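Trainee: Going by numbering that gives the first Met the number 0, the first residue of the sequence shown is number 0, and it counts up by one from there.
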Amino acid sequence: MGQGNVVTEFTYSNQRITMEGYHAEDKIFAQIVTEQTFYENKLLEKAQSLNLEGVYIDIGANIGNHSIFFNRFCDSTKVYSFEIDETIFALLKKNMEHNCPENTYHLGEIGILDKKGYVDLSETNHINAGMTKIVNVEGTHREVDSLDNLMRGVENIALIKMDVEGFELEIVQGAQNILETQSPAVFAELATKKEFKLFKNAISKHGYTTDEVNYAATPTYLFLKTPLSVGRKTKLFVKRLARGMKTMVKK
C-alpha cells in the first residue's frame, strides 16, 4: 500500500477509532497497527489523569494521534492542532474529521516558533514521518508564527504538547504571555540532555517545574506551574518596592 492509503481501526475505552497513515512502514503508524491502540499511551494517559478542562494545543500534531485522544478522552473544550508538513497535515485533517465532532477542534497548517516568518523543511521520510524538521529558519516555503500571536484572544488554555524536533525552546520564547497568564500544563519532547537543560531553565522563569519522568518514546517531559516560592515572592516584592521608590523620587 502506498503513502496516504494505509488505514487501521482499533477500540479504546469502548470507542472505535479510525486512523489513516502516511505509509505502512512509518514508525508511529506501524506501532498503532501492531499494538491496536494510541501511540505514546503513557503520555496520553498522564495528560488525561491531570483532569484539566479547557483548550488543548498540539504542536507538531503529525497524523492526529495525540489530538484525537485529547479531543475524545480528555476534558478539552477545544483542541488546536498545528502541523507544518503539508502532506502530513492532509492526513491530520482526515483523521480529525473521521474521529472528532465538528467545531470541537481547529487545524492550522503552520509551524510554531518564536515569531512570524517562513522556513524550509526536510523531505518527509516514509519510515518516520514524524522526523520532518526545519532545516532553514530564514526560508521561504512554509509559514511559522508564535503561539502568543496565533492564540491571541483564546482563553482557558489548559495544556500544550510540543514535538517539533529541537525547536521547543523557540516555542517557549514565543509563548511568554500564555505561560505567564494562563499557566497551561506543558509536555515537551527534549531529545538530549542539553535540550532538556535549556528548556527547563527557560520555562522555570515562568514558575514551572518538572518531575523529570520520561513519558514517551523520545524523551518527553511534563512541566507544571507551581505556586510562587518564598524566594520568587521576595524577588517580586523587592522589584515592586524599587519601582515604587523610583516613582516617589521622580515626584
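Glycine included, C-beta positions come from ideal geometry on N, C-alpha and C.
Because the structure is a prediction, the values reported are computed rather than measured.
Could you name the residues of the same chain whose beta carbon sits closer than 8 Å to that of Lys-93, not counting the 5 residues immediately before and after it, in chain order?
Mentor: On the sequence shown, residue 93 is found 94 positions in, with the first residue counted as 1. Excluding residues within five positions, the ones whose Cβ falls inside 8 Å are Glu-19.
Trainee: Can you check the segment 80-126 for any beta strand (DSSP E) of at least 3 residues that lies completely inside it and give the ranges in chain order?
Mentor: Segments of the beta strand (DSSP E) lying fully in the segment 80-126: 104-107, 110-112 and 116-120.
Trainee: If you reduce the DSSP assignment to three classes, tell me which class Leu-221 lands in.
Mentor: For this step, residue 221 is matched to residue 222 along the sequence shown. Leu-221: strand per DSSP, three-state reduction.
Trainee: Among the residues of its own chain, which have a CB less than 6 Å from the CB of Tyr-79, if the five just before and after it don't count?
Mentor: Within the sequence shown, residue 79 is the residue found at index 80, counting from 1. Around Tyr-79: Ile-56 and His-105.
Trainee: Please identify the residue among Leu-221, Ser-182 and Ala-216 whose C-alpha is closest to the C-alpha of Gly-206.
Mentor: Here residue 206 refers to the residue found at position 207 when the sequence shown is read from its first residue. Looking at the Cα atoms, Ser-182 is the closest of the given residues.
Trainee: Among residues of its own chain, excluding the 5 on either side of Leu-178, which ones have a beta-carbon nearer than 6 Å to its beta-carbon?
Mentor: Taking the first residue of the sequence shown as 1, we reach residue 178 at position 179. Excluding positions up to five away in sequence, the list reads His-205.
Trainee: Going by DSSP, what residues sit across from Gln-14 in a beta bridge?
Mentor: Position 15 of the sequence shown, counted from the first residue, corresponds to residue 14. Note: Gln-14 sits in a beta bridge opposite Tyr-11.
Trainee: What is the C-beta distance between Phe-81 and Gly-107, in whole angstroms, given that I count them as a contact (C-beta under 8 Å)?
Mentor: Mapped onto the sequence shown, residue 81 falls at position 82. Mapped onto the sequence shown, residue 107 falls at position 108. Between Gly-107 and Phe-81 the Cβ distance is about 4 Å, and since that is below 8 Å, they are a contact.
Trainee: I'd like the list of long-range same chain contacts for Glu-188, defined as Cβ closer than 6 Å, with 5 residues on each side in sequence excluded.
Mentor: By 1-based counting over the sequence shown, the position of residue 188 is 189. Asp-162, Thr-217 and Thr-219.
Trainee: Is the beta carbon of Asn-155 less than 8 Å from the beta carbon of Gly-53?
Mentor: Along the sequence shown, one-based indexing puts residue 155 at 156. Along the sequence shown, one-based indexing puts residue 53 at 54. Cβ distance < 8 Å, so Asn-155 and Gly-53 count as in contact.
Trainee: Tell me whether Ser-66 sits in a helix, a strand or coil according to DSSP, three-state version.
Mentor: By one-based count along the sequence shown, residue 66 stands at place 67. Ser-66: helix per DSSP, three-state reduction.
Trainee: Report all residues from its chain with a CB closer than 8 Å to the CB of Gly-1; omit the five preceding and five following residues, and keep chain order.
Mentor: Sequence index remark: in the sequence shown, residue 1 carries index 2 (1-based). Caution applies to Gly-1, whose pLDDT of 44 falls short of 50 and renders its modelled position unreliable; the value that the coordinates give is listed next. His-22, listed in sequence order.
Trainee: Rounded to the nearest angstrom, what separates Phe-68 and Glu-164 at their Cα positions?
Mentor: On the sequence shown, position 69 is the one that residue 68 refers to. On the sequence shown, position 165 is the one that residue 164 refers to. Taking the straight line joining both Cα atoms gives about 21 Å.
Trainee: Of the choices Ser-75, Ala-60 and Glu-211, whose alpha-carbon is the least far from that of Asn-102?
Mentor: Here residue 102 is taken as the residue at index 103 of the sequence shown, counted from 1. Out of Ser-75, Ala-60 and Glu-211, Ser-75 has the C-alpha closest to the C-alpha of Asn-102.
Trainee: Helix, strand or coil for Ala-201? Go by DSSP, reduced to three states.
Mentor: The residue you call residue 201 lines up with position 202 of the sequence shown. Correct three-state label for Ala-201: helix.
Trainee: Tell me the DSSP bridge mates of Ser-145?
Mentor: Walking along the sequence shown from the start, residue 145 turns up at place 146. Leu-112, per the DSSP bridge assignment.
Trainee: Nearest-angstrom Cα distance between Glu-142 and Asp-113?
Mentor: Reading the sequence shown from its first residue, position 143 is the one you call residue 142. Reading the sequence shown from its first residue, position 114 is the one you call residue 113. For Glu-142 and Asp-113, the distance between alpha carbons rounds to 12 Å.
Trainee: According to the Cβ coordinates, are Gly-110 and Leu-146 closer than 8 Å?
Mentor: Here the question's residue 110 lines up with position 111 in the sequence shown. Here the question's residue 146 lines up with position 147 in the sequence shown. Not in contact: Gly-110 and Leu-146 (Cβ atoms no closer than 8 Å).
Trainee: Identify whether Thr-208 lies in helix, strand or coil by the three-state DSSP scheme.
Mentor: The residue you call residue 208 lines up with position 209 of the sequence shown. Reduced to three states, the DSSP call for Thr-208 is strand.
Trainee: When you compare each of Val-212, Ile-202 and Ala-215 to Thr-225 by their alpha carbons, which one comes out closest?
Mentor: Working through the sequence shown from its first residue, we reach residue 225 at position 226. Considering only alpha carbons, the answer is Ile-202.
Trainee: Going by other Cβ atoms of all chains shown within 10 Å of its Cβ, with 16 needed for buried, is Arg-25 buried or exposed?
Mentor: Your numbering for residue 25 matches position 26 in the sequence shown. Correcting the residue identity first, residue 25 is Asp in this sequence and not Arg. Answer is buried; the Cβ neighbour count reaches 16.
Trainee: Measuring only the C-alpha atoms, how far is Asn-50 from Ala-190?
Mentor: Position 51 of the sequence shown, counted from the first residue, corresponds to residue 50. Position 191 of the sequence shown, counted from the first residue, corresponds to residue 190. Between Asn-50 and Ala-190, the C-alpha separation is close to 27 Å.
Trainee: So what does Ile-58 bridge to, in DSSP terms?
Mentor: As a first step, residue 58 must be located in the sequence shown, where it is residue number 59. Per DSSP, Phe-81 and Met-161.
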